[in-house]
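The next block holds one structure in the form of structure tokens; read it before the comments.
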Amino acid sequence: MPPTNSPNLHVETGGEGETTYLLLHGQGATGDTWQGVRDIIEKEEAGQWIVPDMRGHGRSDWTNTYGFGEHATDIADLIRDRERVIIIGHSMGGIIGLALATGWFGVNIAGLVVIGTILDWTEEHTAAMHAIGGKPSRWFDSRDEAIERYLKVSGLFGIVQPDDPMAAAGIYQEGDKFRLAADNAVATVGGSWMSVLLPVPKCPIVLAVGEHDKMVDIKDYQAVDKNAVTLPGIGHNTHVEDPQATWDLVKKLGV
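All letters in the sequence shown, in the order written, are residues 8 to 262 by my numbering.
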């Protein structure tokens, strides 16, 4: 698919109610990773939900650039007419959630849950992400190979089964070849954005990290928020590993 500067986003919606829960996936993943949380929202009749594949991910268009402001602008357009919005953002999705919660993009956010987003970002992180972003997509001869690669790079290997629709959403087929659905260049969104954005929002924020997350240390969060939450027995993809524990974080917002 050719890049564009005005992407069409794949967006799924559901539920009923005054409150809208905007669920934002991490880098390289898709909105399908929120399936468990979506199911809980509907079961509890907690409100509506919106789950996009962000630009360059999943079934959404690739673009020429992937700045966090561009992501936030895309997503803001999805929620402008919503009365009350609560965001749950995982990893990269936490950055986009913080950006939206600043008010800079013309939307009002009632509360924000940030899970597994890197706060202690270094120049080494930037160099590594830009190295990934500069690589061309790798094509595979088989669907199974592409799915295995997707599960590994997204941290879902061993958590999500290869035949799960969640896995299929992460790959793209062209002719008889397969690749990851995400543009490698999405990695260039990385930066020390969390430390810059975190002081700005006025809405309640909950910071959380899985006990076994190898990317984020709870001590980093506790340095800026003594109430930061550790989710026991869970790794980086908390919303996939334990949707209920992830959903319960919303209750800590107190809104």
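Glycine included, C-beta positions come from ideal geometry on N, C-alpha and C.
query: Report the rounded CA-to-CA distance for residue 262 versus residue 156, giving the unit in angstroms.; result: 40 Å
query: Where does residue 228 sit, in a helix, a strand or coil, going by DSSP?; result: helix
query: Is the beta carbon of residue 62 sitting closer than 8 Å to the one on residue 77?; result: yes
query: Let's test the definition: count the other Cβ atoms within 10 Å of the Cβ of residue 234 and tell me whether it reaches 16, buried, or not, exposed.; result: exposed
query: Since residue 95 sits in a beta bridge, which residues does DSSP pair it with?; result: 30, 120
query: Checking the sheet assignment: what are the DSSP bridge partners for residue 56?; result: 21, 28
query: Can you give the Cα-Cα distance for residue 14 and residue 70, rounded to whole angstroms?; result: 7 Å
query: Are the Cβ atoms of residue 101 and residue 56 separated by less than 8 Å?; result: no
query: So the candidates are 82, 59, 30; which of them puts its Cα closest to the Cα of residue 113?; result: 82
query: Skipping 5 residues on each side, what residues in its chain have a beta carbon closer than 7 Å to that of residue 252?; result: 238, 241, 245
query: Do residue 106 and residue 64 have their beta-carbon atoms positioned less than 8 Å apart in this structure?; result: no
query: Answer with buried or exposed for residue 131, where buried requires no fewer than 16 other C-beta atoms within 10 angstroms of its C-beta.; result: exposed
query: If you pair each beta-carbon of the region 120-135 with each one of the region 216-230, do three or more pairs fall below 8 Å?; result: yes
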